[in-house]
Every structure is written in C-alpha cells, then in structure tokens.
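For reference, the structure is listed below as structure tokens.
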Ligand code: B12
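In the numbering used here, the protein residues as written are 73 to 443.
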C-alpha cells in the first residue's frame, strides 16, 4: 500500500471526511493574496500582513518540509438560532474546531509514526486555521474542493461546510490530483445575497464589509453604515454558504461539535449584561465565541437587539449604555436604543454623562442621523 493511501485510511478512521496531499511550496494563489493585502481588504487582520512572506513561501516556516497532508472535517448542520432569537454561524455553535482538529491531527501523526510511515522524529506540524498557510489554495491544489465566488472552498458533497487542517511533513507523500469537475458556473447567489456586498469580485471578499469579520475579529465599533445589514447575526455569518447550491444539498450531520450550553440556554440580553470578566470566561469556556471577547459579543448582541427589538431588552440596554466598562458596548447599546426602542431622550441624557471621545462621537452620529 502507498503511504498516501494508508494516511487517507487513517485520517478516515479518525473521523476526517476529506483528504489530500499537496507539495509544500508557494500557494498558487499567492499573488491574489498579496493583492488582497495591498488593497487593504484584510481590514485590521495585521497578523496576515506580518506573515505574508511565510504564507507565500512555506519553506520559511519549515525549511525541511516537503509535503502537506490536508484534511477536511465536515460540519453541515441545521441553522443555529439562540433562545428568543439571534443567529450565530453554524461552525461556532459547539466546541472549538481548532482544538478538536488539532487533537485529531496529533493522533494522525502518532498513528503514522507508530506504523512506520513517518520517522518518530519527523517534522509533522499540525496547522488549523491560524497557521502561516493559505489553506484554501493548497487544499484546492490537493483536490479537497474547488474555489467559489465567495472564496469558500466547495466540496462536491459538503459544499462549503467543512473545516481545513494540515500536517506539515518533512516526508514526501505523493500529491493527490486537483478535482476535475465542479464549479460555480454562472451562479452568483452568494454575491447577490451577501447583506453587505462584501464579495467585491469573484473569489474576493472585502473583510472591511464582511459580517463575519466584524462580529468575530473587529475589536472596535462596527461601522454605522453596516449595522442595519448585520440583521440578527451575533457571531460570524453563514449567508454566502447558506445560499450556495452546493451547500444546500449537503447532508445534515447534526451537532458534531455539540451545542455549547451558552448557545443553547442564554438569551441575548444575558450576553449584553454579563460584565464580570471571570463569569463571562467561565460561561463561554471551550466555545469559539470567546474569540470575539466579552466586549465584542456584548456589542454584537446589543446591535442585534436594536435590529430585532423585543420586550424586556430595553432595560438591559439602558443599563449597559451607562454602566458597561467598555465604551464600545455603551455606544452600541445607545445605537440599539435609538434604532429599536425610540429611546432618543434617554440616549441624549447618557451622552451628557459620557466621557469617552469615541463613544461620544458614535452616539452623536446616532442621534443626528437616521439609524
Ligand atoms: C482571514 C480569514 C477570514 C477573514 C477573511 C476571509 C477571506 N475571504 O479572505 C474573515 C474573518 C472575513 C473570514 C470569514 C470566514 N471564514 Co475564514 N479564514 C481566514 C483565514 C485565517 C485566512 C484566509 C485568507 O488568507 N484570506 C485571504 C484570501 C486572499 O485568501 P482565501 O480567502 O483563502 O481566498 C482564496 C480564493 O478566494 C482565491 N482568490 C483570492 N483572490 C482571487 C482572485 C481571483 C481572480 C481568483 C481566481 C482567485 C482568488 O485565492 C485564495 C486561496 O485559494 C483562513 C485560514 C487560512 N489559514 O487560510 C480561514 C478560513 C478561510 N475561514 C473559514 C471559514 C469557515 C470562514 C467563515 C465561513 C466563518 C463564518 N461562518 O463566519 C467565513 C467565510 C467568509 C468568506 N466567504 O470567505 C475556513 C474556510 C473553509 C472552506 N471550506 O472554505 C478557513 C479555511 C479556516 C479553516 N481552517 O477551516 N475568514
């Protein structure tokens, strides 16, 4: 049996759904990536700009590296609605995939070594998402899927609903071929459906407009002009995946990563009013939602409560507008109160007591424009 065939079988035994091998070399989309950065489309994801040379030349990270074993793990499931409303991206409803996949990749490494396919001291570095690789580019080359207009890698069975992970190896495995079929054709459902017009050209997402970026990665205020279009997304966004015909026919695999108790049980008001850092950390322990941090989640939840007002939320927002330790949350609560609860005068009073210049500027803008 070829080492590559055995590696595929072991990956499947560990529960991975998709497998491929690519040579460890410059990703073929390196120029697109550089152009994306040059255009500022990465917003303030500075870690990508700092790593550009490593990402475009993986040999800098692993001088002895020769192959990439690439795995995909599917996570198609029904949409996730929070109790009493508010949506989060499906990938984030349960345990953090980074931890789960990294553990599985370590097991794959151990099994490959135990069976003698790689030396016990071989380089076999697991990477999931945050490593210095342009994952979708290498995965497309290895035949795990084909690139879409929304930039998502599409698998013929799972559509965009699968995560990627890799083992960087200094052992040579035979590359797997690119997929010979599958494409977006003339479909542009994702481009038309994106609430903020973030897909600015085929395969190009402008993070500065992307709801996923703003609700997960943006550490500052969400731009006023995007707040209505945020709709009810509290963390991440699945619109481009949901409307994709390849994604629609993916099987419902259920909650492979489980459903975190905070997602299953806590109404959005609690996300806004939970100000104690220790309690927040304990509540969201093990959840990918932690990536947005306490203030980011409270900000998102406040904006969503503004877009989708409901009984009982107003007192929580009024309290947050004056008491939250983070100016960004106070300002978001003020916006929500004007947008969803006609509470202009309370917001005007809060502005009188607000000392933070950024919060003041945001609230002033809210008060003097249509929100
Ligand atoms: C930064 C980042 C983001 C940013 C920027 C996204 C973006 N499109 O660039 C933000 C925060 C917005 C984001 C959002 C999401 N992300 Co993200 N993200 C990443 C990360 C860390 C780097 C991506 C990157 O380098 N982008 C720069 C662009 C240039 O590269 P790219 O996105 O890979 O784009 C490819 C194509 O578009 C093509 N290309 C680019 N320009 C052009 C131009 C032309 C003309 C052509 C032909 C091709 C082309 O080249 C690229 C390589 O194939 C990767 C993990 C990794 N290390 O790669 C995960 C990753 C891409 N994200 C992932 C996921 C799941 C998501 C979300 C679905 C999460 C959610 N539900 O909210 C959304 C999807 C948004 C979208 N449509 O892209 C998965 C994607 C899995 C898949 N099947 O595609 C990855 C691979 C993480 C993982 N390990 O599973 N993400």
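By construction, the Cβ of each residue, glycine as well, lies at the ideal position given by its N, Cα and C atoms.
All figures in this text were calculated on a predicted structure; none of them were measured in a lab.
Residue i CB to nearest heavy atom of the ligand B12 below 7 Å
i, result
"residue 105", "yes"
"residue 207", "yes"
"residue 232", "yes"
"residue 288", "yes"
"residue 101", "yes"
"residue 168", "no"
"residue 235", "yes"
"residue 396", "no"
"residue 108", "yes"
"residue 200", "yes"
"residue 302", "no"
"residue 219", "yes"
"residue 282", "yes"
"residue 372", "no"
"residue 316", "no"
"residue 285", "yes"
"residue 203", "yes"
"residue 275", "yes"
"residue 327", "no"
"residue 137", "no"
"residue 256", "no"
"residue 309", "yes"
"residue 163", "yes"
"residue 117", "yes"
"residue 251", "no"
"residue 120", "yes"
"residue 171", "no"
"residue 239", "no"
"residue 222", "yes"
"residue 225", "yes"
"residue 279", "yes"
"residue 212", "yes"
Residue interval of the alpha helix (DSSP H) (run including residue i)
i, result
"residue 183", "169-186"
"residue 110", "102-110"
"residue 405", "399-413"
"residue 417", "416-425"
"residue 434", "429-440"
"residue 385", "385-395"
"residue 118", "118-122"
"residue 264", "261-265"
"residue 344", "340-345"
"residue 333", "333-337"
"residue 80", "75-85"
"residue 62", "Since the first and last residues shown for the chain are 73 and 443, residue 62 lies out of range."
"residue 60", "A query on residue 60 cannot be resolved here, the shown segment of the chain reaching from 73 to 443 and no further."
"residue 166", "No alpha helix (DSSP H) contains residue 166, which DSSP labels as neither H nor E."
"residue 330", "From DSSP, residue 330 is part of no alpha helix (DSSP H); its letter is neither H nor E."
"residue 319", "317-320"
"residue 354", "349-355"
"residue 312", "311-314"
"residue 376", "365-379"
"residue 212", "207-213"
Limits of the beta strand (DSSP E) - the one that residue i falls within
i, result
"residue 92", "90-95"
"residue 238", "234-241"
"residue 142", "139-146"
"residue 305", "305-307"
"residue 272", "271-273"
Residues that DSSP places opposite residue i in a beta bridge
i, result
"residue 197", "240"
"residue 227", "231"
"residue 450", "In the structure as shown, the chain begins at 73 and stops at 443. Residue 450 is therefore absent and cannot be evaluated."
"residue 152", "160"
"residue 276", "273"
Supposed contact pair residue j and residue i - C-beta distance, whole angstroms, cut 8 Å
i, j, result
"residue 242", "residue 194", "6 Å"
"residue 80", "residue 189", "Actually they are not in contact, since the Cβ atoms of residue 80 and residue 189 sit about 11 Å apart, beyond 8 Å."
"residue 224", "residue 302", "Actually they do not touch by this definition, with Cβ atoms about 20 Å apart."
"residue 141", "residue 238", "6 Å"
"residue 168", "residue 330", "Contact doesn't hold; Cβ gap of about 11 Å is too wide."
"residue 196", "residue 181", "4 Å"
"residue 92", "residue 214", "3 Å"
"residue 501", "residue 157", "Within the shown structure, residues of the chain are numbered from 73 to 443, placing residue 501 beyond reach of any answer."
"residue 146", "residue 201", "No, residue 146 and residue 201 are not in contact; Cβ-Cβ is about 16 Å, not under 8 Å."
"residue 31", "residue 128", "Any property of residue 31 remains undetermined from this structure, which presents the chain solely from 73 to 443."
"residue 134", "residue 96", "7 Å"
"residue 344", "residue 367", "Their Cβ separation, rounded to whole angstroms, is 11 Å, which puts residue 344 and residue 367 out of contact at 8 Å."
"residue 204", "residue 126", "4 Å"
"residue 220", "residue 256", "5 Å"
"residue 235", "residue 173", "6 Å"
"residue 410", "residue 388", "That pair is no contact at about 15 Å."
Any C-beta of chain B under 8 Å from that of residue i
i, result
"residue 397", "Annotation note: the requested chain B is absent from the structure, which comprises a single protein chain."
Closer than 7 Å: residue i CB and nearest the ligand ZN heavy atom
i, result
"residue 313", "For the structure depicted, the ligand ZN is absent and the ligand set comprises only the ligand B12."
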